[in-house]
Amino acid sequence: MLRIATYNVEWFDNLFDNKGRPQADDRWSARHNVTREMQLEALGKVFTALDADAIMIIEAPDTNRRRDTRRALEQFADWAGLRAMAVEMGYVNETQQEIALLYDPLVLRAHHDPMGAPADFGDGFEPPAFNSIYRLDLDTDRDPEEVRFSKPPLELAMEHRETGFAFRMIGVHVKSKAPHGARNRDDVIRISIENRRKQLAQCIWLRERVEGHLEAQEPLIVLGDFNDGPGLDEYEKLFGRSGVEIVMGREDPDVPQEMRLFDPNAAEALARRGNQGPTTARFYIDEEERYLSALLDYVMVSQDLRPGAKWRIWHPFDNPACFETPELQRALLVASDHYPVSVDLKLPTGF
1 MLRIATYNVE WFDNLFDNKG RPQADDRWSA RHNVTREMQL EALGKVFTAL
51 DADAIMIIEA PDTNRRRDTR RALEQFADWA GLRAMAVEMG YVNETQQEIA
101 LLYDPLVLRA HHDPMGAPAD FGDGFEPPAF NSIYRLDLDT DRDPEEVRFS
151 KPPLELAMEH RETGFAFRMI GVHVKSKAPH GARNRDDVIR ISIENRRKQL
201 AQCIWLRERV EGHLEAQEPL IVLGDFNDGP GLDEYEKLFG RSGVEIVMGR
251 EDPDVPQEMR LFDPNAAEAL ARRGNQGPTT ARFYIDEEER YLSALLDYVM
301 VSQDLRPGAK WRIWHPFDNP ACFETPELQR ALLVASDHYP VSVDLKLPTG
351 F
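Counting from 1, position 107 in the sequence shown corresponds to residue 107 in the UniProt record's numbering; the numbering is continuous, with no gaps.
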């Protein structure tokens, strides 16, 4: 079995100094009423309980002129005593929230292997590299607009050391649809629709890359935070589909099964369409004095990886093992506003 997980760690960067050293002290983290020591200790417990061979970390510590993602995660793994102690990352972004893979180097090999040509190069059919520009008509005015990833997906070539089994992974943090900066109701509507268009465009771009791997019959895992899910908001009705459905290939009934990705939590959400189902994140709404739960994080696999696979949302209330382990339940609540999602894969034989 191989365990692969995704975990969005809220403001992970705030827990390290410029030398990448974990700051387990009594100063406040970026989480409400949580010190850096509290959050680091909680994260150590969560990562230890996960015991994953590879964890795609969303909102990983920043890389800039003074800070380094790899250095911070390596020191965190050492501090927490994790066997997943090697780090691989791709394009650096400007948001202080990188995408990085933390993995066990005795189990897996991993290297950044981006696909696609720079914008305006290539054969005209290949989707461009994720750190480039994608041109798409977002508002049906026949004038293609430039789409960019603020956090370019992390494309990885992976190999299981013992068996030599090779597969691809793409770590994703798709644009948020939240109407940040809105000053009134009209602003909320305008920004929400604009963000939905950009979010869907990013998912269409990602789907084109997915199709390339599936057509080449390459085992594939796409995982991370999509800031989206079937039936999640009313603006989805304007476009008729969610970004998650696009990436999975579920929005088109003519897409053959072998060209679809699978995630059972997404499948359940599609069946319920907005009714309460699985959730992976929990946010406090100040003005309403309540928590909002949502399904935002996914581990999607190609059909050749699906047999025998077992998914798990490490939810502090909905997962019995987490709920019945008070220390882990508390750690999940303190560590982040998202919960890890993992899949245990039975590696194919005869490849």
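We put the CB at the ideal spot given by N, CA and C, even for glycine.
Owing to the predicted nature of the structure, the values given are computational and were not obtained by experimental measurement.
Output needed for residue i: all residues of its chain with C-beta closer than 6 Å, excluding positions within five of it in sequence on either side, in chain order.
{"i": "V255", "result": "G249"}
{"i": "L220", "result": "R168, H213, S302"}
{"i": "E289", "result": "none"}
Whose CA, out of the options, lies closest to the CA of residue i?
{"i": "E218", "options": "L156, R241, D228", "result": "L156"}
{"i": "K151", "options": "E98, A166, L295", "result": "E98"}
{"i": "D104", "options": "L2, D318, R65", "result": "L2"}
{"i": "A266", "options": "R282, R290, V222", "result": "V222"}
{"i": "M259", "options": "E211, A281, Q276, I285", "result": "E211"}
{"i": "R165", "options": "E41, L305, Y291, A281", "result": "In the sequence as presented, Arg is not what sits at residue 165; that position holds Phe. It is L305 whose Cα lies nearest to the Cα of F165."}
{"i": "residue 361", "options": "E208, Q96, E94, R65", "result": "An answer regarding residue 361 cannot be provided, because it is not within the stretch 1 to 351 covered by the chain."}
{"i": "L136", "options": "I204, M115, T163, I313", "result": "I204"}
{"i": "D344", "options": "P320, I313, D337", "result": "I313"}
{"i": "T6", "options": "D78, A281, Q276, H160", "result": "A281"}
{"i": "H160", "options": "A117, A335, G116, V107", "result": "V107"}
In the DSSP assignment, the alpha helix (DSSP H) including residue i goes from what residue to what residue?
{"i": "L265", "result": "Before going on, a small fix: residue 265 reads as Asn here, not Leu. 264 to 272 is the extent of the alpha helix (DSSP H) around N265."}
{"i": "A216", "result": "Premise fails: A216 is in no alpha helix (DSSP H) and is neither H nor E."}
{"i": "F283", "result": "Segment 281 to 285 is the beta strand (DSSP E) holding F283; no alpha helix (DSSP H) there."}
{"i": "A335", "result": "326 to 335"}
{"i": "F323", "result": "320 to 323"}
{"i": "G171", "result": "Segment 166 to 173 is the beta strand (DSSP E) holding G171; no alpha helix (DSSP H) there."}
{"i": "E245", "result": "243 to 248"}
Leaving out five residues before and five after residue i in sequence, what residues of the same chain have Cβ atoms less than 7 Å from its Cβ?
{"i": "F76", "result": "P22"}
{"i": "D113", "result": "E155, L156, A157"}
{"i": "K175", "result": "S150, N195, K198, Q199, Q202, N227"}
{"i": "T63", "result": "T69, V92, E98"}
{"i": "R241", "result": "E251"}
CA-CA distance, residue i and residue j?
{"i": "L50", "j": "P144", "result": "43 Å"}
{"i": "V172", "j": "I58", "result": "8 Å"}
{"i": "Q329", "j": "H315", "result": "8 Å"}
{"i": "D225", "j": "L296", "result": "6 Å"}
{"i": "I193", "j": "R272", "result": "23 Å"}
{"i": "T325", "j": "F317", "result": "10 Å"}
{"i": "D252", "j": "Y298", "result": "20 Å"}
{"i": "I133", "j": "T349", "result": "39 Å"}
{"i": "L333", "j": "K346", "result": "30 Å"}
{"i": "F323", "j": "R83", "result": "25 Å"}
{"i": "F130", "j": "T35", "result": "36 Å"}
{"i": "N14", "j": "S29", "result": "6 Å"}
{"i": "N8", "j": "V147", "result": "24 Å"}
{"i": "R31", "j": "W11", "result": "8 Å"}
{"i": "L261", "j": "Y284", "result": "32 Å"}
{"i": "Q39", "j": "A80", "result": "12 Å"}
{"i": "E41", "j": "Y339", "result": "16 Å"}
Report all residues from its chain with a CB closer than 8 Å to the CB of residue i; omit the five preceding and five following residues, and keep chain order.
{"i": "R71", "result": "K19, G20"}
{"i": "F16", "result": "P22, Q23, P61, R67, A72, Q75, F76"}
{"i": "P264", "result": "W311"}
{"i": "L101", "result": "A54, I55, M56, I57, V87, E88, M89, A110, L154, L156, M169, G171"}
{"i": "T163", "result": "L347"}
Please list the terminal residues of the continuous beta strand (DSSP E) segment that includes residue i.
{"i": "Y91", "result": "Counting along the chain, Y91 falls outside any beta strand (DSSP E), and DSSP gives it neither H nor E."}
Runs of beta strand (DSSP E) lying entirely within the segment 24 to 82, each at least 3 residues, in chain order: 54 to 60
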